[in-house]
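The structure appears below as structure tokens.
There are 2 protein chains.
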Amino acid sequence: MGVLRKTKHLEHVLQAFRQSSDALSAGMLLDALANEINKSTVYRMLQKLEDDGVIHSFLTMDQIRFYALCKGCSSGRHVDTHAHFQCTSCKRVSCVSEEIVLPTPGRSRITSAQVLLTGQCESCLS
Amino acid sequence: MGVLRKTKHLEHVLQAFRQSSDALSAGMLLDALANEINKSTVYRMLQKLEDDGVIHSFLTMDQIRFYALCKGCSSGRHVDTHAHFQCTSCKRVSCVSEEIVLPTPGRSRITSAQVLLTGQCESCLS
DNA sequence: TGCGTTGTCGCAACCGAGTTGCGTTAATTT
DNA sequence: AAATTAACGCAACTCGGTTGCGACAACGCA
Numbered sequence: 001m002g003v004l005r006k007t008k009h010l011e012h013v014l015q016a017f018r019q020s021s022d023a024l025s026a027g028m029l030l031d032a033l034a035n036e037i038n039k040s041t042v043y044r045m046l047q048k049l050e051d052d053g054v055i056h057s058f059l060t061m062d063q064i065r066f067y068a069l070c071k072g073c074s075s076g077r078h079v080d081t082h083a084h085f086q087c088t089s090c091k092r093v094s095c096v097s098e099e100i101v102l103p104t105p106g107r108s109r110i111t112s113a114q115v116l117l118t119g120q121c122e123s124c125l126s
Numbered sequence: 127m128g129v130l131r132k133t134k135h136l137e138h139v140l141q142a143f144r145q146s147s148d149a150l151s152a153g154m155l156l157d158a159l160a161n162e163i164n165k166s167t168v169y170r171m172l173q174k175l176e177d178d179g180v181i182h183s184f185l186t187m188d189q190i191r192f193y194a195l196c197k198g199c200s201s202g203r204h205v206d207t208h209a210h211f212q213c214t215s216c217k218r219v220s221c222v223s224e225e226i227v228l229p230t231p232g233r234s235r236i237t238s239a240q241v242l243l244t245g246q247c248e249s250c251l252s
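So the protein sequences, as listed, match chains A and B.
Count the first sequence with the numbering used here and you get residues 1 to 126, in order.
Count the second sequence with the numbering used here and you get residues 127 to 252, in order.
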């Protein structure tokens, strides 16, 4: 239930997200802020930011967690019904704006959904 | 390009899939066939079965790869546009029969998609 | 400005899913 | 039955992510 202190590292990470239109993984952040910030610090920060509803996360095909800034999420509930797209060539990951219509199988109660599209992005196709 | 030999282990694994209506992970198979079959053998077998179009795989929220028998897949192309559902209580994973309508973002070319729903299944709700 | 509280950091050790190299075993081919 | 070659077991490894702990720094308050 921490109050999220304004530290130098936090500013760097948030800035990285704002500057990038893509989603980022912990590894990418570590590369970007190489030996300025510790591995576990990054993971802990991402975890906390997600808990607080600032970013949301999802997995790609190769089992790596990516994070992106939330736009319509609160700390309680994430609006996760938008899809994500990963290019198989350049590996970049982005959010897809269109909403998706999801089925409700049987009598179960769906609380969250995750949609990942893969293929080639516009710039890798040309 | 192996020819997939008929071994005792292969039979056990295929039987496990046929007996279960759910999708299975490598870990679950290892538990089921405890100390009868080696870890790397299981992983190699699953990999090969997927290459040969016998099973298909996908990831759950906790980064674990699950496998299920293919019904309309060939070795070349997997019909992966159906969703999967994982219950947050009992952790069981199943295939959702309904097809899903997917968006095509921008001018990119989508080659595969993965949809994971999470929530509570019918039996855990009651 | 000084001080106590408490969240954050760095480090190092750890965890667990999945992979790999290699020598051996066993299914298939002849 | 012998040769071929896929499948196996083992042990060591990779890598994304976690954890315990002592040190440090941001914040609140006087």
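Glycine included, every Cβ here is placed at the ideal spot set by N, Cα and C.
The CB of R107 of chain A comes closer than 8 Å to the CB of E248 and L251 in chain B, given here in chain order. Collapsing the DSSP output to three states places Q240 of chain B in a strand. It is roughly 17 Å from the alpha-carbon of S223 of chain B to the alpha-carbon of Q114 of chain A. Scanning chain B for C-beta atoms nearer than 9 Å to the C-beta of I100 of chain A yields I226, V227, L228, P229 and V241, reported in chain order. For C221 of chain B, the enclosing beta strand (DSSP E) covers residues V219 to E225. Residue burial is scored here from C-beta neighbours: S40 of chain A has fewer than 16 other C-beta atoms within 10 angstroms and is therefore classed as exposed.
At least one CB atom of chain B sits nearer than 9 Å to the CB of R65 of chain A. For L136 of chain B, the enclosing alpha helix (DSSP H) covers residues K134 to Q145. Distance from the CA of H12 of chain A to the CA of A83 of chain A, rounded to the nearest whole angstrom, comes to 27 Å.
Shown here for F143 of chain B: same chain residues with a beta carbon closer than 8 Å to its own, the five before and five after excluded, namely L150, I181, Y193, A194 and L195 in chain order. Under the Cβ distance rule, G119 of chain A counts among the residues neighbouring chain B, one pair being separated by less than 9 Å. Chain-ordered, the chain B residues with CB closer than 8 Å to the CB of T111 of chain A read T214, T244, G245 and Q246. Taking S94 of chain A as reference, the option from B:T214, B:T230 and B:R131 with the minimal CA-CA separation is B:T230. Taking CB atoms only, A152 of chain B has no neighbour in chain A less than 9 Å away.
In the DSSP annotation of this structure, the continuous segment of the alpha helix (DSSP H) that includes R44 of chain A starts and ends at K39 to D51.
For A68 of chain A, the uninterrupted beta strand (DSSP E) run begins and ends at R65 to L69, by DSSP. The residue from A:K6, A:T118 and A:F85 with its alpha-carbon nearest to that of D22 of chain A is A:F85.
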